[in-house]
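Oh and the sequence shown: position 43 is 43 in full-length UniProt numbering, straight run, nothing missing. Beta carbons are placed, not taken as given, at the ideal position from N, Cα and C, and that holds for glycine. Here is the structure we will look at.
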Amino acid sequence: MKKYILFFFLFVAGAVFAGWQSELEHFTELTRDVGYKSPEEMVAVIDRAEGAVTTVRQSALSRFAEDPAAFLEESGMGLTVLLILLGGFLLNLTPCVLPMIPVNIAIIGAGAQSESRAKGFALGGTYGLGIASVYGVLGVIAVLGGQSFGALNSSPWFNMGIAVVFVVLALSMFGVLHIDFSKFQSGRNVQFKSRFATAFVMGGIAALLAGACVAPVVLAVLLLAQGMGSVGLLLPFLLGVGMALPWPFAGAGFTFLPKPGRWMEWVKRGFGVLILMLAVYYGKLGLGLMKPADKETGAIEQSDLAEELAAAYAAGQPVFLDFTAEWCKNCKQMEKDTWPDAAVQERLAGYRFIKIDATQYDEPPASDIVEHFGVQGLPTFIILSPDE
1 MKKYILFFFL FVAGAVFAGW QSELEHFTEL TRDVGYKSPE EMVAVIDRAE GAVTTVRQSA
61 LSRFAEDPAA FLEESGMGLT VLLILLGGFL LNLTPCVLPM IPVNIAIIGA GAQSESRAKG
121 FALGGTYGLG IASVYGVLGV IAVLGGQSFG ALNSSPWFNM GIAVVFVVLA LSMFGVLHID
181 FSKFQSGRNV QFKSRFATAF VMGGIAALLA GACVAPVVLA VLLLAQGMGS VGLLLPFLLG
241 VGMALPWPFA GAGFTFLPKP GRWMEWVKRG FGVLILMLAV YYGKLGLGLM KPADKETGAI
301 EQSDLAEELA AAYAAGQPVF LDFTAEWCKN CKQMEKDTWP DAAVQERLAG YRFIKIDATQ
361 YDEPPASDIV EHFGVQGLPT FIILSPDE
(Lines of atoms letter the chains of each structure in order from A and count residues from 1; the text may use other names and numbers.)
(Lines give C-alpha, C1' and ligand atoms only; values in the text may rest on other atoms or scores of the structure.)
Protein backbone atom coordinates (compact mmCIF):
# COMPACT_ATOMS: atom_id res chain seq x y z
CA MET A 1 0.00 0.00 0.00
CA LYS A 2 2.85 2.39 0.87
CA LYS A 3 4.39 1.75 -2.54
CA TYR A 4 1.16 2.77 -4.29
CA ILE A 5 0.87 5.94 -2.20
CA LEU A 6 4.49 6.88 -2.97
CA PHE A 7 3.96 6.16 -6.66
CA PHE A 8 0.82 8.30 -6.72
CA PHE A 9 2.63 11.19 -4.98
CA LEU A 10 5.54 11.04 -7.42
CA PHE A 11 3.13 10.82 -10.37
CA VAL A 12 1.21 13.91 -9.27
CA ALA A 13 4.40 15.86 -8.52
CA GLY A 14 5.83 14.87 -11.89
CA ALA A 15 2.64 15.87 -13.67
CA VAL A 16 2.65 19.31 -12.05
CA PHE A 17 6.32 19.82 -12.82
CA ALA A 18 5.92 18.63 -16.43
CA GLY A 19 2.77 20.74 -16.79
CA TRP A 20 4.30 24.18 -16.61
CA GLN A 21 7.43 23.04 -18.43
CA SER A 22 5.39 21.73 -21.35
CA GLU A 23 3.40 24.97 -21.47
CA LEU A 24 6.64 26.94 -21.70
CA GLU A 25 7.40 25.20 -24.99
CA HIS A 26 4.73 27.41 -26.55
CA PHE A 27 6.60 30.60 -25.58
CA THR A 28 9.78 32.39 -26.64
CA GLU A 29 11.76 34.56 -24.25
CA LEU A 30 12.03 38.12 -25.55
CA THR A 31 14.12 39.72 -22.82
CA ARG A 32 15.03 39.58 -19.15
CA ASP A 33 16.44 41.98 -16.61
CA VAL A 34 17.46 41.94 -12.98
CA GLY A 35 17.68 44.40 -10.10
CA TYR A 36 15.75 47.50 -9.05
CA LYS A 37 14.07 49.35 -11.91
CA SER A 38 12.57 52.83 -11.74
CA PRO A 39 9.30 53.42 -13.65
CA GLU A 40 11.24 54.87 -16.60
CA GLU A 41 13.66 51.94 -16.64
CA MET A 42 10.81 49.41 -16.47
CA VAL A 43 9.09 51.04 -19.43
CA ALA A 44 12.41 50.78 -21.28
CA VAL A 45 12.59 47.04 -20.48
CA ILE A 46 9.13 46.52 -21.98
CA ASP A 47 10.06 48.66 -24.99
CA ARG A 48 13.10 46.48 -25.56
CA ALA A 49 10.96 43.34 -25.52
CA GLU A 50 8.57 44.85 -28.06
CA GLY A 51 11.37 46.01 -30.34
CA ALA A 52 10.62 49.68 -29.75
CA VAL A 53 13.32 52.33 -29.55
CA THR A 54 13.77 53.21 -25.89
CA THR A 55 13.76 56.85 -24.88
CA VAL A 56 15.98 56.11 -21.89
CA ARG A 57 19.63 56.54 -22.77
CA GLN A 58 21.65 53.61 -21.50
CA SER A 59 24.84 54.39 -19.66
CA ALA A 60 27.96 52.29 -19.98
CA LEU A 61 27.16 50.89 -16.52
CA SER A 62 23.70 49.76 -17.69
CA ARG A 63 25.09 48.14 -20.85
CA PHE A 64 27.69 46.33 -18.77
CA ALA A 65 25.05 45.06 -16.33
CA GLU A 66 22.85 43.72 -19.15
CA ASP A 67 25.55 41.83 -21.08
CA PRO A 68 28.98 41.93 -19.39
CA ALA A 69 30.65 39.56 -21.86
CA ALA A 70 29.54 41.63 -24.86
CA PHE A 71 30.61 44.84 -23.12
CA LEU A 72 34.06 43.37 -22.41
CA GLU A 73 34.50 42.39 -26.06
CA GLU A 74 33.31 45.79 -27.28
CA SER A 75 35.03 48.11 -24.80
CA GLY A 76 38.08 46.17 -23.65
CA MET A 77 39.45 45.18 -20.26
CA GLY A 78 40.50 48.68 -19.19
CA LEU A 79 37.03 50.26 -19.25
CA THR A 80 35.51 47.07 -17.85
CA VAL A 81 37.82 47.20 -14.81
CA LEU A 82 37.03 50.89 -14.28
CA LEU A 83 33.30 50.16 -14.35
CA ILE A 84 33.73 47.31 -11.89
CA LEU A 85 35.58 49.64 -9.51
CA LEU A 86 32.86 52.29 -9.96
CA GLY A 87 30.13 49.71 -9.37
CA GLY A 88 31.85 48.61 -6.18
CA PHE A 89 32.08 52.21 -5.00
CA LEU A 90 28.34 52.71 -5.64
CA LEU A 91 27.49 49.64 -3.57
CA ASN A 92 28.02 51.85 -0.53
CA LEU A 93 24.75 53.58 -1.52
CA THR A 94 22.58 50.44 -1.86
CA PRO A 95 19.60 49.92 0.49
CA CYS A 96 21.51 47.13 2.24
CA VAL A 97 24.60 49.20 3.10
CA LEU A 98 23.25 52.73 3.46
CA PRO A 99 21.50 52.06 6.82
CA MET A 100 24.76 50.60 8.15
CA ILE A 101 26.84 53.71 7.46
CA PRO A 102 26.51 55.01 11.06
CA VAL A 103 27.68 51.62 12.30
CA ASN A 104 30.64 51.64 9.92
CA ILE A 105 31.59 55.17 10.93
CA ALA A 106 31.53 54.20 14.60
CA ILE A 107 33.81 51.25 13.97
CA ILE A 108 36.46 52.90 11.81
CA GLY A 109 36.22 56.37 13.37
CA ALA A 110 34.95 57.42 16.78
CA GLY A 111 34.40 53.86 17.95
CA ALA A 112 37.97 52.88 17.12
CA GLN A 113 39.44 56.02 18.74
CA SER A 114 42.47 55.97 16.46
CA GLU A 115 45.28 58.15 17.73
CA SER A 116 46.55 59.57 14.44
CA ARG A 117 45.56 60.07 10.84
CA ALA A 118 47.94 57.31 9.73
CA LYS A 119 46.42 54.80 12.16
CA GLY A 120 42.91 55.82 11.12
CA PHE A 121 43.85 55.36 7.47
CA ALA A 122 45.27 51.91 8.22
CA LEU A 123 42.17 50.95 10.20
CA GLY A 124 39.89 52.05 7.37
CA GLY A 125 42.11 50.16 4.94
CA THR A 126 41.69 47.01 7.02
CA TYR A 127 37.93 47.48 6.93
CA GLY A 128 38.18 47.76 3.14
CA LEU A 129 40.38 44.67 2.99
CA GLY A 130 37.59 42.71 4.68
CA ILE A 131 35.21 43.88 1.94
CA ALA A 132 37.58 42.95 -0.88
CA SER A 133 38.43 39.57 0.68
CA VAL A 134 34.76 38.53 0.89
CA TYR A 135 34.17 39.42 -2.75
CA GLY A 136 37.33 37.55 -3.69
CA VAL A 137 36.03 34.41 -1.96
CA LEU A 138 32.64 34.85 -3.63
CA GLY A 139 34.43 35.08 -6.97
CA VAL A 140 36.06 31.71 -6.33
CA ILE A 141 32.66 30.24 -5.41
CA ALA A 142 31.01 31.76 -8.48
CA VAL A 143 33.70 30.47 -10.84
CA LEU A 144 34.16 27.02 -9.31
CA GLY A 145 30.71 26.31 -7.92
CA GLY A 146 28.36 28.50 -9.91
CA GLN A 147 26.19 29.15 -6.84
CA SER A 148 23.73 32.02 -6.84
CA PHE A 149 24.85 34.80 -4.54
CA GLY A 150 21.32 36.13 -4.34
CA ALA A 151 20.16 33.08 -2.34
CA LEU A 152 22.28 34.12 0.64
CA ASN A 153 19.63 36.37 2.13
CA SER A 154 17.05 33.55 1.93
CA SER A 155 18.97 31.66 4.64
CA PRO A 156 17.43 32.09 8.12
CA TRP A 157 20.82 31.29 9.71
CA PHE A 158 22.54 34.09 7.80
CA ASN A 159 19.93 36.63 8.95
CA MET A 160 19.93 35.33 12.54
CA GLY A 161 23.73 35.45 12.59
CA ILE A 162 23.70 39.08 11.48
CA ALA A 163 21.08 39.84 14.15
CA VAL A 164 23.24 38.28 16.88
CA VAL A 165 26.29 40.30 15.77
CA PHE A 166 24.26 43.51 15.87
CA VAL A 167 22.81 42.70 19.31
CA VAL A 168 26.32 42.21 20.69
CA LEU A 169 27.49 45.47 19.10
CA ALA A 170 24.44 47.33 20.46
CA LEU A 171 25.01 46.01 23.99
CA SER A 172 28.61 47.13 23.69
CA MET A 173 27.47 50.62 22.69
CA PHE A 174 25.13 50.74 25.72
CA GLY A 175 27.96 49.65 28.02
CA VAL A 176 26.28 46.35 28.93
CA LEU A 177 29.09 44.36 27.32
CA HIS A 178 32.73 45.30 27.06
CA ILE A 179 34.34 43.79 23.99
CA ASP A 180 38.05 43.57 24.70
CA PHE A 181 40.01 40.87 22.90
CA SER A 182 43.21 42.04 24.59
CA LYS A 183 42.30 40.37 27.89
CA PHE A 184 43.37 37.06 26.40
CA GLN A 185 46.80 38.50 25.63
CA SER A 186 48.91 41.30 26.97
CA GLY A 187 50.24 44.56 25.68
CA ARG A 188 48.76 47.64 24.11
CA ASN A 189 49.83 46.48 20.66
CA VAL A 190 47.54 43.45 20.96
CA GLN A 191 44.59 45.69 21.84
CA PHE A 192 45.32 47.73 18.74
CA LYS A 193 45.37 44.52 16.67
CA SER A 194 41.96 43.55 18.05
CA ARG A 195 40.53 46.75 16.60
CA PHE A 196 41.94 45.74 13.22
CA ALA A 197 40.29 42.32 13.53
CA THR A 198 36.94 43.94 14.33
CA ALA A 199 37.23 46.31 11.36
CA PHE A 200 38.13 43.40 9.04
CA VAL A 201 35.13 41.32 10.16
CA MET A 202 32.67 44.21 9.88
CA GLY A 203 34.00 45.00 6.41
CA GLY A 204 33.20 41.44 5.39
CA ILE A 205 29.68 41.74 6.81
CA ALA A 206 29.11 44.98 4.88
CA ALA A 207 30.18 43.22 1.67
CA LEU A 208 27.73 40.36 2.28
CA LEU A 209 24.84 42.71 2.98
CA ALA A 210 25.56 44.71 -0.17
CA GLY A 211 25.68 41.60 -2.31
CA ALA A 212 22.41 40.34 -0.92
CA CYS A 213 20.68 43.32 -2.56
CA VAL A 214 21.74 41.84 -5.88
CA ALA A 215 22.66 45.13 -7.47
CA PRO A 216 22.91 44.53 -11.24
CA VAL A 217 26.63 45.26 -11.25
CA VAL A 218 27.27 42.57 -8.61
CA LEU A 219 25.41 39.99 -10.66
CA ALA A 220 27.06 41.08 -13.90
CA VAL A 221 30.55 40.78 -12.41
CA LEU A 222 29.84 37.29 -11.02
CA LEU A 223 28.41 36.16 -14.36
CA LEU A 224 31.38 37.61 -16.21
CA ALA A 225 33.76 35.88 -13.79
CA GLN A 226 32.03 32.54 -14.39
CA GLY A 227 32.71 32.79 -18.12
CA MET A 228 36.38 33.80 -17.88
CA GLY A 229 37.86 30.91 -15.94
CA SER A 230 40.91 31.70 -13.81
CA VAL A 231 41.11 35.27 -15.12
CA GLY A 232 37.60 35.90 -13.81
CA LEU A 233 38.67 35.19 -10.23
CA LEU A 234 40.14 38.68 -10.02
CA LEU A 235 37.04 40.61 -11.11
CA PRO A 236 34.85 40.17 -7.98
CA PHE A 237 37.90 41.08 -5.88
CA LEU A 238 38.18 44.32 -7.88
CA LEU A 239 34.50 44.98 -7.15
CA GLY A 240 35.33 44.71 -3.45
CA VAL A 241 38.29 47.05 -3.92
CA GLY A 242 35.94 49.60 -5.48
CA MET A 243 33.58 49.34 -2.52
CA ALA A 244 36.52 49.65 -0.14
CA LEU A 245 38.04 52.77 -1.73
CA PRO A 246 36.35 55.42 0.49
CA TRP A 247 37.00 53.73 3.81
CA PRO A 248 40.73 54.38 4.36
CA PHE A 249 40.04 58.08 3.83
CA ALA A 250 36.99 57.92 6.10
CA GLY A 251 39.13 56.28 8.76
CA ALA A 252 41.72 59.03 8.48
CA GLY A 253 39.16 61.83 8.43
CA PHE A 254 37.39 60.70 11.55
CA THR A 255 40.57 60.82 13.62
CA PHE A 256 40.08 64.60 13.91
CA LEU A 257 37.16 64.50 16.33
CA PRO A 258 36.81 66.66 19.45
CA LYS A 259 38.18 65.25 22.66
CA PRO A 260 35.96 62.62 24.31
CA GLY A 261 33.37 63.91 26.76
CA ARG A 262 29.80 63.34 27.89
CA TRP A 263 28.57 64.10 24.38
CA MET A 264 30.43 60.98 23.20
CA GLU A 265 28.28 58.83 25.49
CA TRP A 266 25.09 60.16 23.90
CA VAL A 267 26.48 59.61 20.41
CA LYS A 268 27.47 56.10 21.40
CA ARG A 269 23.97 55.37 22.71
CA GLY A 270 22.47 56.78 19.52
CA PHE A 271 24.58 54.36 17.51
CA GLY A 272 23.43 51.61 19.85
CA VAL A 273 19.77 52.37 19.07
CA LEU A 274 20.44 52.27 15.31
CA ILE A 275 22.32 48.98 15.60
CA LEU A 276 19.59 47.48 17.77
CA MET A 277 16.96 48.43 15.18
CA LEU A 278 19.00 46.60 12.54
CA ALA A 279 19.24 43.58 14.85
CA VAL A 280 15.45 43.52 15.26
CA TYR A 281 14.97 43.77 11.50
CA TYR A 282 17.31 40.90 10.63
CA GLY A 283 16.10 38.82 13.58
CA LYS A 284 12.49 39.18 12.46
CA LEU A 285 13.49 38.30 8.91
CA GLY A 286 15.40 35.22 10.09
CA LEU A 287 12.56 33.98 12.30
CA GLY A 288 10.12 34.45 9.45
CA LEU A 289 12.26 32.29 7.18
CA MET A 290 12.39 29.50 9.77
CA LYS A 291 8.67 28.85 9.52
CA PRO A 292 6.68 27.97 6.40
CA ALA A 293 6.45 31.17 4.44
CA ASP A 294 3.11 32.67 3.54
CA LYS A 295 2.63 33.11 -0.15
CA GLU A 296 3.84 36.51 -1.40
CA THR A 297 0.83 38.77 -1.99
CA GLY A 298 -0.44 38.16 -5.51
CA ALA A 299 2.07 35.36 -6.16
CA ILE A 300 0.95 32.08 -7.69
CA GLU A 301 1.56 28.52 -6.58
CA GLN A 302 3.67 26.23 -8.76
CA SER A 303 0.58 24.22 -9.71
CA ASP A 304 -1.07 27.44 -10.99
CA LEU A 305 1.81 28.33 -13.30
CA ALA A 306 0.74 25.82 -15.95
CA GLU A 307 -2.82 27.18 -15.87
CA GLU A 308 -1.63 30.78 -16.17
CA LEU A 309 0.66 29.95 -19.10
CA ALA A 310 -2.05 27.92 -20.84
CA ALA A 311 -4.55 30.76 -20.46
CA ALA A 312 -2.04 33.28 -21.79
CA TYR A 313 -1.26 31.11 -24.81
CA ALA A 314 -4.94 30.57 -25.56
CA ALA A 315 -5.54 34.33 -25.44
CA GLY A 316 -2.39 35.12 -27.43
CA GLN A 317 -1.09 37.20 -24.52
CA PRO A 318 2.59 37.87 -23.81
CA VAL A 319 3.67 36.93 -20.29
CA PHE A 320 5.54 39.07 -17.77
CA LEU A 321 7.22 36.99 -15.04
CA ASP A 322 8.17 38.83 -11.84
CA PHE A 323 10.40 36.82 -9.48
CA THR A 324 10.15 38.32 -5.99
CA ALA A 325 10.62 37.41 -2.32
CA GLU A 326 9.72 38.64 1.15
CA TRP A 327 13.39 39.28 1.98
CA CYS A 328 14.13 41.18 -1.25
CA LYS A 329 14.52 44.86 -0.33
CA ASN A 330 14.59 46.04 -3.94
CA CYS A 331 11.39 44.08 -4.64
CA LYS A 332 9.63 45.88 -1.79
CA GLN A 333 10.87 49.24 -3.03
CA MET A 334 9.50 48.54 -6.52
CA GLU A 335 6.11 47.68 -5.03
CA LYS A 336 6.02 51.22 -3.64
CA ASP A 337 7.24 53.32 -6.55
CA THR A 338 7.47 51.27 -9.78
CA TRP A 339 4.49 48.96 -10.15
CA PRO A 340 1.86 51.57 -9.13
CA ASP A 341 3.21 54.05 -11.72
CA ALA A 342 0.59 54.95 -14.34
CA ALA A 343 2.98 54.59 -17.29
CA VAL A 344 4.10 51.14 -16.14
CA GLN A 345 0.51 50.02 -15.54
CA GLU A 346 -0.46 51.19 -19.02
CA ARG A 347 2.39 49.29 -20.67
CA LEU A 348 1.62 46.10 -18.72
CA ALA A 349 -2.09 46.21 -19.55
CA GLY A 350 -1.71 43.78 -22.46
CA TYR A 351 0.47 41.32 -20.53
CA ARG A 352 -0.45 38.43 -18.28
CA PHE A 353 1.48 39.44 -15.17
CA ILE A 354 2.67 36.40 -13.20
CA LYS A 355 4.28 37.02 -9.83
CA ILE A 356 6.46 34.12 -8.62
CA ASP A 357 7.33 33.91 -4.93
CA ALA A 358 10.97 32.85 -4.50
CA THR A 359 11.18 33.51 -0.75
CA GLN A 360 12.29 29.90 -0.17
CA TYR A 361 14.91 30.28 -2.91
CA ASP A 362 16.66 26.93 -2.38
CA GLU A 363 13.62 24.75 -1.65
CA PRO A 364 10.93 23.24 -3.91
CA PRO A 365 8.72 24.35 -5.49
CA ALA A 366 10.45 27.73 -5.90
CA SER A 367 13.86 26.17 -6.58
CA ASP A 368 12.45 24.16 -9.52
CA ILE A 369 11.16 27.26 -11.29
CA VAL A 370 14.18 29.39 -10.36
CA GLU A 371 16.59 26.75 -11.66
CA HIS A 372 14.65 26.22 -14.89
CA PHE A 373 14.68 29.92 -15.74
CA GLY A 374 18.29 30.37 -14.60
CA VAL A 375 17.38 33.14 -12.15
CA GLN A 376 20.57 34.44 -10.52
CA GLY A 377 19.18 37.21 -8.33
CA LEU A 378 16.03 39.07 -7.29
CA PRO A 379 14.08 40.83 -8.52
CA THR A 380 14.25 39.22 -11.97
CA PHE A 381 11.88 40.05 -14.82
CA ILE A 382 11.33 37.79 -17.84
CA ILE A 383 9.07 38.61 -20.79
CA LEU A 384 7.73 35.72 -22.89
CA SER A 385 5.93 35.87 -26.22
CA PRO A 386 3.44 33.17 -27.33
CA ASP A 387 4.50 31.29 -30.46
CA GLU A 388 2.19 31.44 -33.43
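Could you check the C-alpha separation between ARG269 and LEU276 for me, to the nearest Å?
10 angstroms
Taking the C-alpha atoms as reference points, what is the distance between ALA170 and GLY120?
22 angstroms
Compute the Euclidean distance between the alpha carbons of LEU278 and ALA310, then round it to the nearest angstrom.
44 angstroms
Look at the Cβ atom of GLY124, then the Cβ atom of ALA225, and state whether they are nearer than 9 angstroms.
Contact flag unset, no.
For THR126 and SER38, I'd like the C-alpha separation in whole angstroms.
35 angstroms
LEU79 versus LEU235, ASP362, GLY19, residue with shortest Cα-Cα distance:
LEU235
In this structure, how does DSSP classify PRO39 when only helix, strand and coil are distinguished?
DSSP places PRO39 in helix when its eight states are reduced to three.
Across the stretch 199–208 and the stretch 326–344, are there enough close Cβ pairs to call them in contact, namely three or more that are closer than 8 angstroms?
As far as the Cβ criterion goes, the stretch 199–208 does not touch the stretch 326–344, which means the pair count is below three.
Around the C-beta of GLY51, are 16 or more other C-beta atoms found within 10 angstroms, so that it is buried, or is it exposed?
exposed
Kindly list the residues whose CB is nearer than 7 angstroms to the CB of ALA163, restricted to its own chain and excluding five residues on each side of it in sequence; keep chain order.
ALA279, TYR282, GLY283, GLY286
If you draw a straight line from the alpha carbon of ARG32 to that of GLU265, how long is it in whole angstroms?
50 angstroms
Around the C-beta of ASP357, are 16 or more other C-beta atoms found within 10 angstroms, so that it is buried, or is it exposed?
buried
Ignore the nearest five residues each way along the sequence and tell me which others in GLY19's own chain have a CB closer than 6 angstroms to its CB.
ALA306
Where do the ends of the alpha helix (DSSP H) carrying VAL319 lie?
Premise fails: VAL319 lies in the beta strand (DSSP E), 319–324, not in any alpha helix (DSSP H).
Below 9 angstroms between beta carbons: does that hold for ASP322 and PRO379?
yes
Could you work out which residue in TYR361, GLN345, HIS26 is closest to PRO156 when comparing CA atoms only?
Minimum Cα distance to PRO156 is reached at TYR361.
Own chain residues within Cβ distance below 7 angstroms of HIS26, not counting five before or after
So the qualifying residues of the chain are TYR313, PRO386, ASP387.
Supposed contact pair THR28 and LEU384 - C-beta distance, whole angstroms, cut 8 angstroms
7 angstroms
If I'm right that MET243 touches TYR36 with Cβ under 8 angstroms, what's the distance once you round it to whole angstroms?
MET243 to TYR36, Cβ: 18 angstroms. No contact.
Which residue's Cα is closest to the Cα of PRO246: LEU85, VAL375, VAL43, LEU72?
LEU85
Does the distance from the C-beta atom of GLY76 to that of VAL221 stay below 9 angstroms?
no
Should VAL176 go down as buried or exposed, given a rule of 16 or more other Cβ atoms within 10 Å for buried?
exposed
Candidates SER133, LEU209, GLY272, of which the one nearest LEU93 by Cα
LEU209
As assigned by DSSP and simplified to three states, the class of THR359:
coil
Taking the CB atoms as reference points, tell me whether PHE320 and ARG352 lie closer together than 9 angstroms.
ARG352 is positioned such that its CB atom lies closer than 9 angstroms to that of PHE320.
Around the C-beta of VAL273, are 16 or more other C-beta atoms found within 10 angstroms, so that it is buried, or is it exposed?
exposed
Pull up the distance between the alpha-carbon of LEU239 and that of TYR135, whole angstroms please.
7 angstroms
Whole-angstrom distance between ARG117 and ILE205, CA atom to CA atom:
Here the C-alpha atom of ILE205 lies approximately 25 angstroms from the C-alpha atom of ARG117.
Let me check understanding here. Comparing Cα to Cα, which of GLU40, LEU82, GLU23, SER22 lies closest to ASP341?
GLU40
Tell me which residues share the same chain as LEU289 and place their Cβ nearer than 6 angstroms to its Cβ, disregarding the 5 neighbours each side in the sequence.
PRO156
Can you tell me the Cβ-Cβ gap for VAL45 and PHE381, rounded? I've got them flagged as a contact below 8 angstroms.
6 angstroms
Give the single residue among GLN21, LEU24, ALA343, PRO248 whose Cα lies nearest to the Cα of ILE131.
PRO248
Do you know offhand how far GLY377's Cα is from ASP368's?
15 angstroms
State the Cα-Cα distance for the pair VAL375 and ARG262, rounded to the nearest angstrom.
52 angstroms
Would ALA343 and VAL137 be called neighbours here (beta carbons separated by less than 9 angstroms)?
no
Buried or exposed for GLY232, please, with buried defined as at least 16 other CB atoms from any protein chain shown within 10 angstroms of its CB.
buried
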